[in-house]
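Let me begin by presenting the structure, written as structure tokens, before commenting on it.
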Amino acid sequence: MSPFKGQTGLKRIFNAASYSFDGLRAAFIGEAAFRQLVLLNVILIPLACWLSVSRAERAVLIAVCLLGLIVELLNSAVEAAIDRISLDRHPLSKNAKDMGSAAQLVALSMVAVVWAVILL
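Each residue of the sequence shown is one higher than the last, beginning at 1059 in the working numbering.
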């Protein structure tokens, strides 16, 4: 068992929140793509709140924006783990990184499609 799994109760919740904020900070500082998506969300989420759409549509507009951030965080985590293992070029490392990038492409395509379907 991992030595990092020993905490329980409120202490575990506070530790988990701290690790999550550390991850957000690391992504914001170290990943230009994450910063770009944050900027896009700073524009789109208030726009979703301003638009004359139903509450369900507003929720979907915001949810797909946040999903783009989630996928970018996971993509960055995969890339960091691959780089931690080795910086050598390897076909499996390339596949893992390319698949993470493809996941982000699909997520951003979904953002565009959902916004277009709701607004057009």
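We put the CB at the ideal spot given by N, CA and C, even for glycine.
Measure the alpha-carbon distance for residue i versus residue j and round it to whole angstroms.
i, j, result
"Ala1085", "Ile1176", "30 Å"
"Leu1082", "Val1100", "15 Å"
"Leu1166", "Lys1063", "34 Å"
"Leu1102", "Ala1114", "16 Å"
"Arg1070", "Tyr1077", "10 Å"
"His1148", "Asp1141", "11 Å"
"Glu1137", "Ser1110", "39 Å"
"Leu1150", "Val1096", "30 Å"
"Gln1065", "Gly1088", "29 Å"
"Leu1145", "Ala1135", "15 Å"
"Ile1143", "Val1118", "37 Å"
"Gly1067", "Ile1128", "26 Å"
Kindly give me the distance between the Cβ atoms of residue i and residue j, rounded to whole angstroms, as I take these residues to be in contact under 8 Å.
i, j, result
"Glu1130", "Phe1079", "At roughly 17 Å, the Cβ-Cβ gap does not stay under 8 Å, so Glu1130 and Phe1079 are not in contact."
"Ala1161", "Asn1133", "6 Å"
"Cys1107", "Arg1116", "7 Å"
"Val1171", "Gly1126", "With 8 Å as the limit, Val1171 and Gly1126 do not qualify as a contact, their Cβ atoms being about 12 Å apart."
Can you tell me which of the three DSSP states residue i falls into?
i, result
"Gly1051", "Examination of residue 1051 is not possible in this model, given that the chain is present from 1059 through 1178 alone."
**Prompt:** In chain order, which alpha helix (DSSP H) runs of at least 4 residues are fully inside the stretch 1099-1177?
**Reply:** 1113-1143, 1149-1177
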